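Residue numbers for the sequence shown follow the numbering used here, so the first one is 37 and each next one is one higher. Just so you know, even glycine gets a beta-carbon here, dropped at the ideal spot from N, CA and C. Nothing here was measured: the structure is a model prediction, and the numbers come from that model. Working notes for the structure below.
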Amino acid sequence: MTALQAQLDVWLGELSALPDYADWRAADRHISPLGPGTHGWLVVLRSGERPLGYMIAYAVPGGGYHLGEYGRGDPLFDEAALRQALHSPELDSLPLAAQAEPRYISPLLAVWRVPLISGSAVYVDAHSDELLLSLSDETWQQAASAVQEQLPAGHPERLTRSGSIPAFDVYERMPWLTSEPLAASAASIRQQLDQGAHIWYAADPFDGQHLYIYGVAGYHDWDGELYVALDTDSPRYIPFATLATSGHYYR
């Protein structure tokens, strides 16, 4: 058993103790590298052909692994979903040059790059499969170069606490347009979620080209490191520290 497999055993053992993740315990694991320079792996969890979820694991300098993000449902970089996205009316008239290339810098910078015969490319969000038609190679490189994320040196072992709130309409209000961002800490976000507060998270990783808006659906606390659940089709858990460097929280 490799060190990565052993670490996955630990994380999956903790998560599968939660009712929503019980089927992860016996899931098949499909592990693939994220790409050159990332020192990371995409772990897709399946039961037969049915996707159960995914995890991103990074090698930590000095040894061990860090849990970069995870979520239930369809995984990142799902090829079947990409094929469906490429059959959209916006792309039907564009001649593709080659297979799509996965690009992963951070949870909010995860895309497929689809080369065109013209030499340019179109980008598809690797999680939502949304076409990012405003993106170009230049704007992608600018966004990737601006990331200053520092991976934590530790590697969480125990899921010590969790909380969730009912889903809400992310457009019931628009505090990212009308209010100042919260001066948020991991402890304050956790406390507000425990009180049932509606919290929004907004990020603009492409300098005005594409704004991501999420409702915050809950959290998992791993040995004091908070993972915030962003409400997508199913919650996507990302370290608070990662989100704090990429966007802002609102209430």
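- Per DSSP, Ile225 is not a residue of any beta strand (DSSP E); the alpha helix (DSSP H) it occupies stretches across 222 to 230.
- Of Ile153, Ala157, Val147, the smallest CA-CA separation from Asp165 is found for Val147.
- If you draw a straight line from the Cα of Leu195 to the Cα of Leu152, it is about 44 Å long.
- Counting C-beta atoms within 10 angstroms of its own C-beta, Asp269 has fewer than 16 neighbours from the protein chains shown and is therefore classed as exposed.
- Across the structure, Glu50 and Ser200 are spaced so that their CA atoms are roughly 17 Å apart.
- In chain order, Asp110, Asp165 place their CB closer than 8 Å to the CB of Ala117, counting only its own chain and leaving out the 5 sequence neighbours on each side.
- For the pair of segments examined, the stretch 94 to 112 was found to touch the stretch 37 to 48: the number of CB pairs separated by less than 8 Å reaches three.
- Nearest to Leu167 by alpha-carbon distance, out of Val158, Thr175, Ala223, is Val158.
- If you draw a straight line from the Cα of Ala239 to the Cα of Pro55, it is about 30 Å long.
- Spanning the alpha carbons of Pro125 and Val150 requires a straight line of approximately 15 Å.
- A direct Cα-to-Cα measurement between His234 and Pro217 gives close to 14 Å.
- Note on Tyr286: 16 or more other CB atoms within 10 angstroms of its CB, so buried under the neighbour-count rule.
- A check of alpha carbon separations from Ala220 across Arg82, Ala277, Trp258 identifies Ala277 as the nearest.
- Spanning the alpha carbons of Gly260 and Ala280 requires a straight line of approximately 16 Å.
- DSSP places Ala182 in the uninterrupted alpha helix (DSSP H) bounded by 173 to 182.
- If one requires a minimum length of 3 residues, the beta strand (DSSP E) runs lying completely within the stretch 188 to 271 are 195 to 200, 236 to 239, 248 to 258, 261 to 266, in chain order.
- The DSSP-derived three-state label of Val96 is coil.
- Beta-bridge analysis with DSSP links Val46 to no other residue.
- Each of Trp77, His66, Leu81, Thr74 was checked against the Cα of Ser52, and the nearest Cα belongs to Leu81.
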